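Trainee: Pasting in a structure now, in structure tokens, and then I'll have a few things to ask.
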Amino acid sequence: MMDLTLDELKHYLRVDGSEDDLFLALLVDSAKEYLANGGVPESDKPLYKLAIMLYVAYHFENRDPSAKVEKFNYGLQSIILQLKDYTVEEEST
16 MMDLTLDELK HYLRVDGSED DLFLALLVDS AKEYLANGGV PESDKPLYKL AIMLYVAYHF
76 ENRDPSAKVE KFNYGLQSII LQLKDYTVEE EST
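Quick note on numbering: the sequence shown equals residues 16 to 108 in my numbering.
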């Protein structure tokens, strides 16, 4: 459904080479699961793609599990709320 390619993601992250490809794929899967757990089904909407990229970027750049996530959560949470609103609107029509 979502058309985010590994090349697009690597371009967004400014990553060259293939050393991190498996880790990036794991982060994409984790992002999808995170959104699904937040009530957002997989979508082809650009906002969904952005949410995946933001999640991956944060966790790729901050591999320290003790890092604060307050700003990250606020930005991603606002996107999740918008995506949930889209889902509710689509189901009601």
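Glycine included, each C-beta is placed from N, C-alpha and C at the ideal position. Computed from a prediction, not measured in an experiment: that's the story for all the values here.
Residue 91 by DSSP, collapsed to three states: which one?
Mentor: Annotated three-state conformation of residue 91 is helix, per DSSP.
Trainee: Taking the alpha-carbon of residue 18 as reference, which of 76, 68, 72 has the nearest alpha-carbon?
Mentor: 68
Trainee: How many angstroms separate the CA atom of residue 71 from the CA atom of residue 29?
Mentor: 13 Å
Trainee: Does residue 61 come out as helix, strand or coil in the three-state DSSP assignment?
Mentor: helix
Trainee: Do residue 47 and residue 57 count as a contact pair if the criterion is CB distance below 8 Å?
Mentor: yes
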